Amino acid sequence: MKRKEDVQSIIEALKRLYPDAACSLTYDPEKVHELLFSVRLAAQCTDARVNMVTPALYARFPTLRSLAEASEEEVGEYIRSTGFWRAKARDIVAASRMLLTEFGGKVPDNMEDLLRLPGVGRKTANLILGDVYGQPGYVCDTHCIRITGLLGLTDGSKDPVKVEEQLRKCIPPEESSDFCHRMVLHGRAVCVARRPDCGSCTLRPWCDHGGAAGETKEEAPAPKPKRQSKAKTRR
Ligand code: SF4
Numbered sequence: 334m335k336r337k338e339d340v341q342s343i344i345e346a347l348k349r350l351y352p353d354a355a356c357s358l359t360y361d362p363e364k365v366h367e368l369l370f371s372v373r374l375a376a377q378c379t380d381a382r383v384n385m386v387t388p389a390l391y392a393r394f395p396t397l398r399s400l401a402e403a404s405e406e407e408v409g410e411y412i413r414s415t416g417f418w419r420a421k422a423r424d425i426v427a428a429s430r431m432l433l434t435e436f437g438g439k440v441p442d443n444m445e446d447l448l449r450l451p452g453v454g455r456k457t458a459n460l461i462l463g464d465v466y467g468q469p470g471y472v473c474d475t476h477c478i479r480i481t482g483l484l485g486l487t488d489g490s491k492d493p494v495k496v497e498e499q500l501r502k503c504i505p506p507e508e509s510s511d512f513c514h515r516m517v518l519h520g521r522a523v524c525v526a527r528r529p530d531c532g533s534c535t536l537r538p539w540c541d542h543g544g545a546a547g548e549t550k551e552e553a554p555a556p557k558p559k560r561q562s563k564a565k566t567r568r
């Protein structure tokens, strides 16, 4: 288990590296369902690709009702390049209908109701709770799962539910949403999946993986932040 002061050091270092911890998916803040569906589209796809298709999708279907009344085939035409488009179109139309019939057209603000929506899992639900409703949001995407395992914040499990459970024990609730966004940014900029750049990594002093060569905290490299790249990685 990571020492509490080391966890805090990681959190603070990430804040300095990535002051803007916002989600890179674009949506109209007045239309929360757009974020919900953009996260669905981002499964097995990049945020950059999703941001390329959603302007046309949401222009054609500007309201929740228009999506609820749409045919899955037509929705699918707009999202084809995001992959798995039949299942995604089916979920978007079905979730739109459920939002209207069971939730008064409002995206729920609690985990239980969010998980009832077609295509919504804990990752999406946590993101909505954190980004939209300011609640704790432990968004365990591939970057977060991988890097928290490398850091030693978790036991290295790849199971998102287990990772979420473990992060809930060490990351304070008020830090959780931004922390997870910063994991994504770090996974794109430095701790990339195939070749993490440990030599340039600010988190190295506290990392079980990158610090394994025996480097002391005093010998660790100076902070070297890199800019966010939004294009290459999948959620
Ligand atoms: S030290 Fe290496 S493994 Fe650890 S977070 Fe940094 S890049 Fe990833």
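Numbering-wise, the working numbering comes out as the position in the sequence shown, counting from 1, plus 333.
Here a beta-carbon is modelled for each residue, glycine too, at the ideal position from N, C-alpha and C.
Just so we're clear, the structure is a prediction, and the values are computed from it rather than from any experiment.
Euclidean distance between Cα positions of residue i and residue j
i	j	result
THR481	ASP474	11 Å
GLU405	ALA522	36 Å
GLY454	SER533	34 Å
PRO395	LEU518	30 Å
ALA401	HIS366	12 Å
GLU435	ALA526	40 Å
ASP361	ARG336	40 Å
GLU445	ILE412	28 Å
THR535	SER342	10 Å
LYS364	VAL386	17 Å
ARG398	GLU507	34 Å
GLN468	LYS456	14 Å
ARG449	CYS378	23 Å
PRO556	ALA403	In this predicted model, PRO556 has a pLDDT of only 45, less than 50, meaning its place in the structure is not dependable; the value taken from the coordinates is given anyway. The alpha-carbon atoms of PRO556 and ALA403 are separated by roughly 50 Å.
Proximal residues to residue i (C-beta, below 7 Å), its chain only, five neighbours per side dropped
i	result
ASN459	GLY470, TYR471 and VAL472
ARG501	TYR471
Nearest residue (CA-CA) to residue i, options the options
i	options	result
CYS603	SER533, ASP353 and LYS335	No answer is possible for residue 603: it lies beyond the span of the chain, which begins at 334 and ends at 568.
PRO529	THR387, PRO451, ARG479 and SER509	ARG479
VAL426	HIS476, LEU390, GLU497 and ASP446	LEU390
ARG373	LEU358, LYS364 and GLU363	LEU358
CYS356	VAL465, LYS502, ASP492 and VAL408	VAL465
SER510	ILE344, GLY489 and PRO538	ILE344
MET334	ARG413, GLU363, GLN468 and THR487	THR487
PRO388	CYS378, GLN499, LEU368 and CYS524	LEU368
ALA381	ARG349, GLU363, SER414 and ALA392	SER414
ALA420	PRO451, LEU347, ASP339 and GLY489	PRO451
ALA346	ALA428, GLY489, GLN499 and PRO538	PRO538
9 Å Cβ cutoff met for residue i and residue j
i	j	result
ILE461	LEU484	no
GLY438	ALA422	no
VAL440	LEU432	yes
PHE417	ALA376	yes
GLU407	ARG430	no
CYS503	VAL340	yes
Cutoff 6 Å; reference residue i; Cβ partners in own chain excluding five residues on either side
i	result
PHE306	Nothing can be reported for residue 306, as the shown portion of the chain is limited to 334 through 568.
HIS476	MET516, VAL517 and GLY520
TYR351	ARG515 and LEU518
HIS542	LEU483
Neighbourhood of residue i by C-beta, 8 Å cutoff - its chain only, sequence neighbours within 5 removed
i	result
VAL383	LEU358, SER371, LEU374, ALA375 and THR415
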